[in-house]
Structures are given as structure tokens and as C-alpha cells.
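To start, the structure under review is shown below, and the notes come after it.
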Amino acid sequence: MSNFDKQQVFRQIPPINILLDLPEVKKLIETYGREFIVDTIRLVVDNFRKSPKPMCREEIIDYIEKELDIYINEFNNIGLKRVINATGVILHTNLGRAPMPKEAINLINEVSSGYSNLEFDLESGGRGSRHSHIEHILKRITGAESAVIVNNNAAAVFLCLNTLANNREVIISRGQQVEIGGSFRIPDIIARSSCKMVEVGTTNKTRLSDYSNAITEETSILLKVHTSNYKITGFTEEVPLQDLVSLGKQKNLVIMEDLGSGSLYDLSLIGLPYEPTVQDSIKNGADIVTFSGDKLLGGSQAGIIVGKKDLIDKIKKNPLMRMLRCDKLTIAALSATLELYMDLDKAVQNIPTLKMMALSEKELLSKANKLKELISEKLGNKCAIEVIDELDEVGGGSLPGVTLNGKAVALTAENMNVNVLQEKLRKSHIPIICRINKDRISLNVRTIHDEEFEIIVNTLWGIIGE
Ligand SMILES: *Cc1c(COP(=O)(O)O)cnc(C)c1O
2 MSNFDKQQVF
12 RQIPPINILL
22 DLPEVKKLIE
32 TYGREFIVDT
42 IRLVVDNFRK
52 SPKPMCREEI
62 IDYIEKELDI
72 YINEFNNIGL
82 KRVINATGVI
92 LHTNLGRAPM
102 PKEAINLINE
112 VSSGYSNLEF
122 DLESGGRGSR
132 HSHIEHILKR
142 ITGAESAVIV
152 NNNAAAVFLC
162 LNTLANNREV
172 IISRGQQVEI
182 GGSFRIPDII
192 ARSSCKMVEV
202 GTTNKTRLSD
212 YSNAITEETS
222 ILLKVHTSNY
232 KITGFTEEVP
242 LQDLVSLGKQ
252 KNLVIMEDLG
262 SGSLYDLSLI
272 GLPYEPTVQD
282 SIKNGADIVT
292 FSGDKLLGGS
302 QAGIIVGKKD
312 LIDKIKKNPL
322 MRMLRCDKLT
332 IAALSATLEL
342 YMDLDKAVQN
352 IPTLKMMALS
362 EKELLSKANK
372 LKELISEKLG
382 NKCAIEVIDE
392 LDEVGGGSLP
402 GVTLNGKAVA
412 LTAENMNVNV
422 LQEKLRKSHI
432 PIICRINKDR
442 ISLNVRTIHD
452 EEFEIIVNTL
462 WGIIGE
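Put into C-alpha cells, the structure is as follows:
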């Protein structure tokens, strides 16, 4: 465009007070406040001036309104917000892992809207410990002598190693050099916790003699790590925990197990492959066991340490504890979730992750049919819709290779490409996150709450209804 043409176009840009008076813009001001909208309009107009296109006044107004919408949407999608998980992946790491039981939410509410006995002993009226609220219940459920929690399992592993093997050797099998997403690598954690890693065995086979031959005066810990997110199959051998425990007793070493997911519930009871439980590790004699609060356990993000009292007492006294300790919200959420484990039937009914894992094919089919009907009722002529078989996952680096038979509502819109529809669902007011299966939107019902059906129907209506 020539400079002359540009000047002509610039003259068509309405002054800001006119733009602020547009009905659509007025609505935005009501929601977001005048200052933010003025700033955003300025930004849009500046951008337009940098690369103007030949437009008349009406076209420019249209253009500014559209751009304003895009900016506001981007702004809306930045903050933390609720989304609907229609992927069928239960512990979706990117979507916040475990949804919490309502008992946990209620206690968070109660404890955080007012004061609490976080560090106050109601018996004596004196100072109490924040660790006490969780300790008794973890002891009860796991059978361990003592327990303490920190912010996540990575912190738990780090703190245990740093406390119990500072400047000393930790022996670990080469088959258990785990990397968890987001840069948690066992060798790095061992190094950062000021311990010296001694690797033994090979990737596929490690024997008890490999451990015993590597023990020196400097050895403090035999570490077993659950390979939670991968499986080594074929010609393999791992040393069972009990054998490590006997060796540890002989040589006076700490046997520590990082269980990763750390189920408190025997998953074979709901038809899934057996996953080592924390109770089993304690029964088999582990001195220290660490696991996550928001994986298979289904509570809040936390790292749980259970085991021998003398060791846990040392861990509690580590100065790093102050940096890694949990806040009251986590303590509330986790203790309410753990209470549900006091009765295992109650746990499966009330802890969302377990409940979603336990859903039967029949229940899933009835959920899928219900969603399908609701969508058809409102949008019948706008889309093609069918209930299909889908494969769901536990996710969160738990139970690798295990798929769950799921059900999904598969959907295509009359007038919209499937990728565009997926994007629009993702960018809607309450985002709906879903996969595409064979050119159709797949809404896997295992991870969708029945109360979310209505939101899905209304969102679809907003996108393809009118
Ligand atoms: C997930 C996992 C961790 C890390 O736990 P976070 O709670 O995510 O910090 C550590 N070790 C193993 C084996 C895991 O599976």
C-alpha cells in the first residue's frame, strides 16, 4: 500500500470513544472493566496500523470487534480453570491428575474459610504438629510405624535420600533408572540429594548377588524403584522386595522403595492387573516407602512417606522439611481422602479415580447412551452421532500398557471440519478436551461426570447449533 492509501485507511479508523460505545464492546466492559478493554482496543488498533488493509469504516469496526474477541479469548485461556476431560485418560497428567473426592473439597472449604487446629493441640491447648493430622490415619491404613507427607513424591524421594544417605552410597538396579515426565530422573535426584549412586545389574536382569557384591562400608540404602511408567518384558529378573529386606537386615542397611503410584487399594479387586500396594511393601519389610497422593490414591498432590519410626523421625527433623512441607489445604484434602480408605467399599464408591476405574461396561454404555440422547435431542439434525467402543487408560504413568475397555460418543458435525470442532471445544468457555478417532470427535464417557453432560450439549449448541 502506498503511504497515501494508508493515510486514507487510517482516516477510517473510528476514534476510541466511538468504539467503546459499540454494544458488543460495552458488554465486554461490563465483564472485564473499562481499563482492560481500552488497552486491548489500543493494541488491536496499533496492530492494524502496522499492516493496514484497504477497508471502509464498517469493515474496520467489524475487524476490530473480531480481533478484540480473539484477544479476550486468549486472555481467558491463560488462567487456571476447570476443563471437561473427555479423553478417557483417568489420571491425565496435563489435566491435573486425580479429581478429588467431595469429602476432600468439603474439608478444604471448612478448614480454609476460617481457622483450624493446623499446629494447635486441642487436647493440651498447646502447640501441635501439622504432621499429626495425617500420621495416625496413614499408620492405620498402611500398617506402618510412622508417616509424614511433603509436597510431591519427587520431594519425598529426595528428602528420604538426603536424610538417610547423605554423602553415602545408594545402590539401585540398572533396570530401575526411571524417568518420570517433567525431568524427574532417579540418577539426578540421587545426585542432588547428596548421595552417591551405585548401579548394579543390567537393564533386564539384576540378581541379589549384584546388590550384595556392591555393598561397602559407605553403603546406606538399597533403593527399589517401581518402574511405574514402563515395562521390561522378556528375559528379565528383578529382586523381590523380601530378598532385599533380608539382605538389608544382615548388613544393617535401609531398604527404601519408591512405589510411584502407590495404590492403597488392590486393583485386582476391580478387574485390573495387580499393582503393588503400600500395605504389601510394609508387610514385606520395607523400611521406607514413598508414593504420590494424586496418582492411584486419588487425592491431592503430595508425597507420602511411610515406614520405620526412627527413620521418619530423622526425616521430620531434616531442615529441608520446612521447604517441602505441605500446606493446610493439602493436609485437609489428603486426610479426608484417606478417611475414605478406612472402608474399602466406601473408597471405590467415593474416590473418583477408583470409581472411574471400576466402571463396568454396562455402566459405561448407559452413560454413553444418555449423552448421545441428550446431544441428539438438541442437535439431531446438525451432527451425526453414534456410541462406539473406545480404549481408555489409567494414565499418570500408572499401569503402563494396560487399556480399559471404554465407551464413547463419536460425533461429526454437518458443517464443520473435525479438527476445527476439536479446537473450538478446547477453546470454549468451559473447555472440553477430547480426542479424534477416525475423523470423528470422540467423547469418552468414563472421565465425564454426568453433571457435565448438559455443559457439553450447550457448548456443542453454541458451536454448531445455530
Ligand atoms: C510419579 C512418580 C514419581 C514422582 O511423583 P510426583 O508425585 O509426581 O512428584 C516418582 N517416582 C515414581 C516411581 C513415580 O511413578
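Following the working numbering, the numbering of the sequence shown begins with 2 at its first residue and continues without gaps.
Glycine included, each C-beta is placed from N, C-alpha and C at the ideal position.
As the structure is a computational prediction, the values presented were derived from the model and not from experiment.
Exercise. Can you check DSSP and say which residues form a bridge with Glu198?
Key: According to the sequence displayed, residue 198 carries Met and not Glu. Met198 pairs with Val171.
Quiz item: By how many angstroms is the C-alpha of Pro320 removed from the C-alpha of His430?
Solution: 44 Å
Quiz item: Distance, Cα to Cα, Thr88 vs Ile434?
Solution: 7 Å
Self-check item: Heavy atom of ligand 1 within 7 Å of Phe185 beta-carbon
Solution: yes
Self-check item: CB of Ser221 within 8 Å of CB of Val255, strictly
Solution: yes
Exercise. Report the residue from Asn110, Asp47, Gly80 whose alpha carbon sits nearest the alpha carbon of Tyr64.
Key: Asp47
Quiz item: Are Glu276 and Leu242 touching if we call contact CB-CB under 8 Å?
Solution: no
Self-check item: Candidates Leu400, Val410, Ser443: closest to Asn420 by CA position
Solution: Ser443
Quiz item: Is any heavy atom in ligand 1 found nearer than 7 Å to the beta carbon of Ala369?
Solution: no
Exercise. Just confirm the distance between the C-beta atoms of Ile172 and Ile142, as a whole number of angstroms; I'd bet it's less than 8 Å.
Key: Their Cβ separation, rounded to whole angstroms, is 29 Å, which puts Ile172 and Ile142 out of contact at 8 Å.
Self-check item: Secondary structure of Thr448, DSSP reduced to three states
Solution: helix
Quiz item: Any heavy atom of ligand 1 closer than 7 Å to the Cβ of Asn253?
Solution: no
Self-check item: One or two residues paired with Phe121 in a DSSP bridge
Solution: Arg128
Quiz item: Regarding His227 and ligand 1, is the C-beta to nearest heavy atom distance less than 7 Å?
Solution: yes
Quiz item: Can you list, in chain order, the stretches of the alpha helix (DSSP H) that have 4 or more residues and sit fully within the region 260-343?
Solution: 279-284, 310-318, 322-325, 329-341
Exercise. Answer yes or no: the CB of Ile332 versus the heavy atoms of ligand 1, is any distance below 7 Å?
Key: no
Quiz item: Does the Cβ of Asp259 lie closer than 7 Å to at least one heavy atom of ligand 1?
Solution: yes
Quiz item: Exposed or buried, what is Ile14 when buried is set at 16 or more other beta-carbons lying within 10 Å of its beta-carbon?
Solution: buried
Quiz item: Less than 8 Å separating the beta-carbons of Leu162 and Val151?
Solution: no
Exercise. Decide if His137 is buried, meaning its Cβ has at least 16 other Cβ atoms within 10 Å, or exposed.
Key: exposed
Quiz prompt | Complete runs of the beta strand (DSSP E) confined to the region 42-107 [at least 3 residues] | solution = 90-92
Practice problem: Please go through the same chain and pick out, in chain order, the residues whose beta-carbon is closer than 7 Å to the beta-carbon of Ile352, but skip the five residues on each side of it. | Solution: Pro102, Gly299, Thr338, Leu341
Self-check item: For Gly397 and Glu120, the rounded distance between their alpha carbons
Solution: 33 Å
Quiz item: Going by beta carbon distance, what residues of the same chain come within less than 7 Å of Arg441, once the five residues before and after it are set aside?
Solution: Ala411, Leu412, Thr413, Val419
Self-check item: Terminal residues of the beta strand (DSSP E) in which Leu1 lies
Solution: There is no way to answer for residue 1, as the model of the chain reaches only from 2 to 467.
Quiz item: Do you know offhand how far Ala385's Cα is from Thr94's?
Solution: 31 Å
Quiz item: Is Glu394 closer than 8 Å to Leu405 when the C-beta atoms are compared?
Solution: yes
Exercise. Say yes only if the C-beta of Ser262 is nearer than 7 Å to one or more non-hydrogen atoms of ligand 1, and no if none qualify.
Key: yes
Self-check item: According to DSSP, residues forming a beta bridge with Asp384
Solution: Here residue 384 is Cys; the residue named in the question, Asp, does not match the sequence. Looking at the DSSP assignment, Cys384 forms a beta bridge with Ala414.
Practice problem: Could you tell me the distance, in whole angstroms, from the CA atom of Ala333 to the CA atom of Ser367? | Solution: 35 Å
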